[in-house]
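Enquirer:
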Amino acid sequence: MLITGSVGRRNMEATINQYQRLFEEHVGKDVASSIIRGTSLLPFIKRIWELERLFVSMLKSQGNGI
Numbered sequence: 000m001l002i003t004g005s006v007g008r009r010n011m012e013a014t015i016n017q018y019q020r021l022f023e024e025h026v027g028k029d030v031a032s033s034i035i036r037g038t039s040l041l042p043f044i045k046r047i048w049e050l051e052r053l054f055v056s057m058l059k060s061q062g063n064g065i
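Numbered according to numbering that gives the first Met the number 0, the sequence shown spans residues 0 to 65.
(1) Counting only the same chain and skipping the five closest in sequence on each side, list residues whose C-beta sits under 6 Å from that of ARG46.
(2) Thinking PHE22 and ALA31 are a contact (beta carbons under 8 Å), I'd like their distance in whole angstroms, please.
(3) If you run the structure through DSSP and keep just helix, strand and coil, what is SER27?
(4) Specify the secondary structure class of GLN19 as computed by DSSP and reduced to three states.
(5) Which of the three DSSP states, helix, strand or coil, is assigned to GLY7?
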């Protein structure tokens, strides 16, 4: 897993919070909170975050500065 150390955890938590806010804006806060309570979005969001980090790492290794 690419999530290491406190910086990685903070970045992941910020990403989760961002997705949750976007979801709440889209469906409304009450609906979003009941869906989030009944469904674990965490594994899905973690996977997106890991893929994003992997993609950035690959670009950096090819010399494409980000």
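From the three backbone atoms N, C-alpha and C, an ideal C-beta is built for every residue, glycine too.
Expert: The structure says:
(1) So the list is empty, once near-sequence residues are dropped.
(2) Right, the Cβ-Cβ distance comes to about 5 Å (below 8 Å), so this counts as a contact.
(3) Before going on, a small fix: residue 27 reads as Gly here, not Ser. For GLY27, the three-state secondary structure derived from DSSP is coil.
(4) For GLN19, the secondary structure class from DSSP, reduced to helix, strand or coil, is helix.
(5) Looking at GLY7 - three-state DSSP - the assignment turns out to be helix.
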